Amino acid sequence: MELNAIKFSSYRGLMHSSQSLVRCYFSFIVRLLYWMLRFRWKLPHWKDLLFVAPTLNNRKALEPIWVHFSEDNYMVLYNLREQLPYSRIYFLSMLHLFDFHRAYCKVPEKDKPLVKYFFSDFILAYGTYITIRQILKKNSQLKVIVFSNDHNMVNRCLIELAPSYHIKTLYTQHASITERFPSLLFSYSFLDGLDAFNKYKTIGSIVGKVFLSGNPRFDIISRLKKNNGKAIGIAINIHDDIDILKNVCSYLSENVNEEIIIRPHPSLEQIPVWNDFSKAGYLISYPSKENSFEFVGKLRLLIANESSIHLDSNLMNTPSVLYNFSMNPVMDWYSYVKNGLMPICSTKEELLKYIQSGGKMDVERVRYYNAAFNTSYEGRVGIVIADFVKCMLQDIEMNSVSGVFHLHKDGYYCYV
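If you're matching positions, the sequence shown starts at 13 in this note's numbering and goes up one per residue.
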């Protein structure tokens, strides 16, 4: 339950499953048999530097760092199901079914549907934790682990166990964070900006040193040119309702004489509904073919529900507006609305009026979210962090700080 704490803090009341616990157990046994037949049991061999990047967004944050290393000196954990011994994880989790059941019985009734919704994450916490401990014990040469996600199950286990094996950890964000994220427990954290630091302070005690560096995922911006696009972009996330999207697209098509480009979240890219939108005359921006900055760079204005793509858009000097494409209330998870990064429109009519006004953005707000914005380090954050990691491998990491960062009175390091 501890390793899955973010499920309770972020999804309570939003996600629930009506299936019975017996059905959850049955599904688990079926998956157990599948993995036993595949027999992925052998513990992997890791090098002295490991990058953990199991998703596309994680890789976008970490690749600008690892490109500055020789491929012989590091490895990337990019496919958990293929690179970790999942037969072992399932088997060890099966041995702890009774432990899980006792823990489940102690969960408040209101949270039990949530546990069933994320059942695999909760039951596999046992096998994952034990297996990661075995892997770290075997790979005694591992010195540094670099993360861009602090709440994925495998990551949580690595973060918890690394200090016991004298392994240093470094974290940089893969997206904006909310106050429902776990506490910072890394040796070094390179955050996007003051917004993230203030949120992590609210979450709890911060372990290790914190640097406000901006994010390497933004480095690509310096190599991209903003087009004088006339298109309206709509970014869709996993919580959005496709029927609401269809309704809004139809309304805008009737009232705005501009191209509309729809961009699904990476996890939604494969669903067939985008073919229907394409046939209806809308352009589709697929994350696997076009990164978010290239997408927003083609736009005059971006429309999206709660998503870190709003920040990407403003960094490319494309104004954005928040519109709720779901039945869930707007929570302003990233405090973008609260801090004035962009406005919110509650109705289609308000949205149309804002589009017709041309939109606007406040440049002064952007650096609050990206510390490298409009500095000599913009476009070079990956290099800054890579140099730091190289020094971590030699146990002289703070030497690389001189002339780049200085200690702020509030306890974080910022650019000189």
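We put the beta carbon where it would ideally sit given N, CA and C, even for glycine. Values in this document were obtained by computation on a predicted structure and should not be read as measured data.
Unbroken beta strand (DSSP E) run spanning Y183, endpoints: 180 to 184
Buried versus exposed, by CB contacts within 10 Å (16 or more), M429: Here the chain comprises residues numbered 13 to 428, so residue 429 is not present and cannot be evaluated.
M354 versus V378 - alpha carbon distance: 10 Å
Residue closest to I98, alpha-carbon to alpha-carbon, out of L49, K122, S320: Reading off the sequence shown, one finds Tyr at residue 98, where the question assumed Ile. Comparing Cα positions, the closest option is L49.
Limits of the alpha helix (DSSP H) - the one that G139 falls within: 131 to 150
Reduced DSSP category for A208 - H, G, I as helix; E, B as strand; rest coil: helix
Chain D within 8 Å of T140, Cβ atoms only: Among the chains of the structure shown, chain D does not appear; only one protein chain is present.
Three-way DSSP call (helix, strand, coil) for S414 in this model: coil
Whether M328 touches K242 by CB criterion (8 Å): no
Span of the beta strand (DSSP E) around L224: 219 to 224
Beta-carbon proximity of Y380 to L206, cut-off 8 Å: yes
Counterpart residues of F63 in DSSP-defined beta bridges: V88, V158
Nearest-angstrom Cβ-Cβ length linking D324 and F337, presumed shorter than 8 Å: In fact, because the Cβ distance is near 18 Å, the residues do not count as touching under 8 Å.
Contact the region 181 to 194 vs the region 153 to 167: 3+ CB pairs below 8 Å: yes
Close beta carbons around F385, own chain, < 6 Å, minus the five adjacent residues each side: V378, R379
G216, DSSP secondary structure in three states: coil
Cβ neighbours of Y37 in the same chain (closer than 8 Å, five flanking residues each side left out): L109
A187 (DSSP reduced to helix, strand or coil): coil
Member of P341, V34, V308 whose CA lies at the smallest distance from the CA of K128: V34
Length of the line joining the Cα atoms of P66 and E94: 11 Å
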